[in-house]
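Q: Under the UniProt record's numbering, the sequence shown has 248 at position 248, and the numbering climbs by one with no breaks.
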Amino acid sequence: MACMVYGMLYRGMSGVYITKYDRGHMVDVLKNWPDSKNVKAVCVTDGQRILGLGDLGANGMGICVGKMELYTALGGISPAKCLPVCLDIGTTNKNLRDDPMYIGLREDRITGKEYEDFVEEFIQSALKAFGCQTLIHFEDFATPNAFKFLEKYQDQCCYFNDDIQGTAAVGLAGLLGIQRITKIELQDHVILFCGAGSAMMGLTALLKKELQSRGLSDEELTKNLYVYDAKGLITKSSQEIPGNIADFAKDMPPIKSLEEVVEKIKPSIIMGATSAAGLFTEKILRTMAASHERPGVFAFSNPTNKAECTAEQAYKFTDGRAIYSAGSPFPPVEFNGKRLTPGQANNCFAFPGIVLGVMTALAVTVPDEVYLVTAHTLSNVPSKEDLASGKIYPNIACAKDVALEIAVNVCQYLFDNDLAQLTPVPDDIREYILKNEYQLDFSSSTTETWDYPEMKPNPKPNPTKEQKQK
Numbered sequence: 001m002a003c004m005v006y007g008m009l010y011r012g013m014s015g016v017y018i019t020k021y022d023r024g025h026m027v028d029v030l031k032n033w034p035d036s037k038n039v040k041a042v043c044v045t046d047g048q049r050i051l052g053l054g055d056l057g058a059n060g061m062g063i064c065v066g067k068m069e070l071y072t073a074l075g076g077i078s079p080a081k082c083l084p085v086c087l088d089i090g091t092t093n094k095n096l097r098d099d100p101m102y103i104g105l106r107e108d109r110i111t112g113k114e115y116e117d118f119v120e121e122f123i124q125s126a127l128k129a130f131g132c133q134t135l136i137h138f139e140d141f142a143t144p145n146a147f148k149f150l151e152k153y154q155d156q157c158c159y160f161n162d163d164i165q166g167t168a169a170v171g172l173a174g175l176l177g178i179q180r181i182t183k184i185e186l187q188d189h190v191i192l193f194c195g196a197g198s199a200m201m202g203l204t205a206l207l208k209k210e211l212q213s214r215g216l217s218d219e220e221l222t223k224n225l226y227v228y229d230a231k232g233l234i235t236k237s238s239q240e241i242p243g244n245i246a247d248f249a250k251d252m253p254p255i256k257s258l259e260e261v262v263e264k265i266k267p268s269i270i271m272g273a274t275s276a277a278g279l280f281t282e283k284i285l286r287t288m289a290a291s292h293e294r295p296g297v298f299a300f301s302n303p304t305n306k307a308e309c310t311a312e313q314a315y316k317f318t319d320g321r322a323i324y325s326a327g328s329p330f331p332p333v334e335f336n337g338k339r340l341t342p343g344q345a346n347n348c349f350a351f352p353g354i355v356l357g358v359m360t361a362l363a364v365t366v367p368d369e370v371y372l373v374t375a376h377t378l379s380n381v382p383s384k385e386d387l388a389s390g391k392i393y394p395n396i397a398c399a400k401d402v403a404l405e406i407a408v409n410v411c412q413y414l415f416d417n418d419l420a421q422l423t424p425v426p427d428d429i430r431e432y433i434l435k436n437e438y439q440l441d442f443s444s445s446t447t448e449t450w451d452y453p454e455m456k457p458n459p460k461p462n463p464t465k466e467q468k469q470k
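1) Measure the CB-CB distance between F248 and T222 and report whether it falls below 8 Å.
2) Exposed or buried, which one is Q179 when buried takes at least 16 other CB atoms within 10 Å?
3) Quick one: Cα of V27 to Cα of C348, how far?
4) Give the straight-line distance between the Cα atoms of residue 472 and A322, rounded to the nearest whole angstrom.
5) With a threshold of 16 other CB atoms inside 10 Å of the CB of P342, please say whether the residue is buried or exposed.
6) Run through the DSSP bridge pairs and tell me what E334 is partnered with.
7) Counting C-beta neighbours from all protein chains within 10 Å, is the total for K40 16 or more, i.e. buried, or is it exposed?
8) So, under 8 Å CB-CB, C86 and A58 are touching, yes? Tell me the CB distance rounded to an integer number of Å.
9) Which parts of the UniProt domain "Malic enzyme N-terminal" (2-154) are runs of the alpha helix (DSSP H), unbroken and 4 residues or longer, counting only runs that do not cross its ends?
10) Could you spell out the range, first to last residue, of the beta strand (DSSP E) harbouring L404?
11) Would you give the residue range spanned by the alpha helix (DSSP H) that S198 belongs to?
12) In terms of alpha-carbon separation, which member of P329, N380, D46 lies closest to V119?
13) With H, G and I counted as helix, E and B as strand and the rest as coil, what does DSSP make of M455?
14) Kindly give me the distance between the Cβ atoms of I433 and A407, rounded to whole angstroms, as I take these residues to be in contact under 8 Å.
15) By DSSP, does Y438 sit in helix, in strand, or in coil?
16) Hey, which unbroken runs of the alpha helix (DSSP H) at 4 residues or more fall wholly within the stretch 240-275?
17) Examine the ligand MN and report whether any of its heavy atoms sits within less than 7 Å of the Cβ of L74.
18) Can you give me the C-alpha to C-alpha distance between A326 and M61, rounded to a whole angstrom?
19) Given 8 Å as the limit, is there contact between the stretch 65-84 and the stretch 93-103, that is, 3 or more CB pairs closer than that?
20) With H, G and I counted as helix, E and B as strand and the rest as coil, what does DSSP make of Y371?
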């Protein structure tokens with residue numbers, strides 16, 4: 001909601017806007033930021049795919065500001081090191097272009113080579129302005145562009161895409177949590193991914209890496225993994241299969257209906273990031289419950305009114321046996337006298353810790369293994385009591401502690417694999433991070449004073465002979 005009206009909430013300078021007319025001068029624009037000498041992390045969006053709200057153009061700045069506020073609140077990173085950036089290159093949203101109060105360019109969005117060259121110039125300008133160890137966090141780019149830039153820049157600079165990699169780490173942590181509850185290995189679960197956007201495709205890619213680390217063959221990796229998009233189940237007869245999900249195409253007849261897909265493959269886990277409210281129907285949930293003792297249900301779509309199903313629906317239609325998590329918060333549900341607590345699969349559990357670990361270690365690139373480390377760390381946070389109530393994610397109130405645990409483990413991985421530039425290696429990584437974290441409390445603005453002990457009066461000196469004669 002804040003991003004939809006962000007242009008009306010102007011309260012001062014919150015970040016840097018770079019327009020297509022700034023080409024050739026981006027370094028100067030970035031260095032105009034008052035704290036430019038301290039910047040170590042940049043969160044950037046082009047505003048094309050803000051959450052489930054679509055193209056918000058320059059109003060997308062709000063998402064970068066919010067992310068970097070969490071850098072500080074949860075990661076303990078100084079705000080002076082953080083720079084939100086919005087690439088204002090037009091918008092396809094006609095309502096915004098026609099709005100006289102819209103703060104961005106009232107032009108159609110640039111595309112193709114012009115767009116890619118613009119992003120390339122921004123990346124190189126950011127590295128030139130702030131240094132080669134600057135973390136560049138891409139946020140809410142359209143799915144095809146997000147994957148294109150991830151493939152291009154991941155090994156070139158300290159690059160991170162939260163929509164793909166952060167979401168993947170959180171999603172994999174949830175799957176590992178279900179493994180802890182059901183005692184069934186991930187490779188033995190039948191998993192149905194609904195949606196072929198950046199979130200799901202990032203998760204499938206990271207899950208494949210996790211299964212590869214367990215020694216599975218290429219055929220075994222995808223045997224129990226299915227992908228369903230707006231056109232139906234991805235099969236080998238499907239047209240226009242994106243390259244990043246071609247491995248998941250099944251040799252079976254095409255099926256359009258999700259209910260029919262579930263009836264056919266009997267998934268033990270279903271995951272949705274479609275923004276299609278109510279996609280997980282009563283029939284789907286009951287079919288899963290009939291085939292599995294503890295079916296896993298993930299409704300990742302934000303906000304709450306776009307969730308594929310609610311917590312109450314998931315519990316009601318599975319007789320209280322579902323392991324349910326959502327992208328948005330849902331309250332606990334009382335079912336047959338038992339209190340069931342849904343988990344919240346929120347990226348705030350992942351990206352602050354990832355960023356803190358990478359920035360602390362002074363990494364120049366961020367390999368995929370960092371996200372596996374993140375997922376395993378997060379999956380081990382819930383206690384046995386949490387798991388008993390079906391909760392596979394910690395409370396949001398614990399997010400700062402989770403960020404520290406992830407940062408420590410990410411740092412350790414980077415140091416162990418010679419991917420860190422920080423020297424010397426700290427003897428105690430946790431202590432080093434805590435010692436250097438940004439303090440959120442306010443210091444006194446008054447001069448510090450303190451009391452001295454009361455002094456004895458100086459003894460009177462003995463009078464001289466002349467003084468006595470007087």
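Beta carbons: idealized from backbone N, C-alpha and C, even for Gly.
A: Per the coordinate set shown:
1) T222 is positioned such that its CB atom lies closer than 8 Å to that of F248.
2) Burial call: buried.
3) It is roughly 30 Å from the alpha-carbon of V27 to the alpha-carbon of C348.
4) As shown, the chain starts at 1 and ends at 470. That puts residue 472 outside it, with no answer to give.
5) Buried, by the Cβ-count rule.
6) Bridge partners of E334: R339.
7) With 16 or more other CB atoms across the displayed protein chains lying within 10 angstroms of its CB, K40 is buried.
8) About 6 Å; that satisfies the 8 Å criterion.
9) Counting only runs of 4 or more, we get 26-31, 61-75, 94-97, 112-130, 143-153.
10) Boundaries for L404: no beta strand (DSSP E) harbours it, while the alpha helix (DSSP H) harbouring it runs 399-416, taken from the DSSP string.
11) Its alpha helix (DSSP H) spans residues 198-212.
12) The candidate whose alpha carbon is nearest that of V119 is D46.
13) The three-state reading of DSSP puts M455 in coil, since its state is none of H, G, I, E or B.
14) Between A407 and I433 the Cβ distance is about 6 Å, and since that is below 8 Å, they are a contact.
15) Y438 falls in the coil class under three-state DSSP.
16) The qualifying runs are 258-265.
17) As presented, the structure is devoid of all ligands, the ligand MN included, so that no description of it is given.
18) Cα-Cα distance, rounded: 25 Å.
19) Counting Cβ pairs under 8 Å, fewer than three are found: no touch.
20) Judged by DSSP in its simplified three-state form, Y371 adopts helix.
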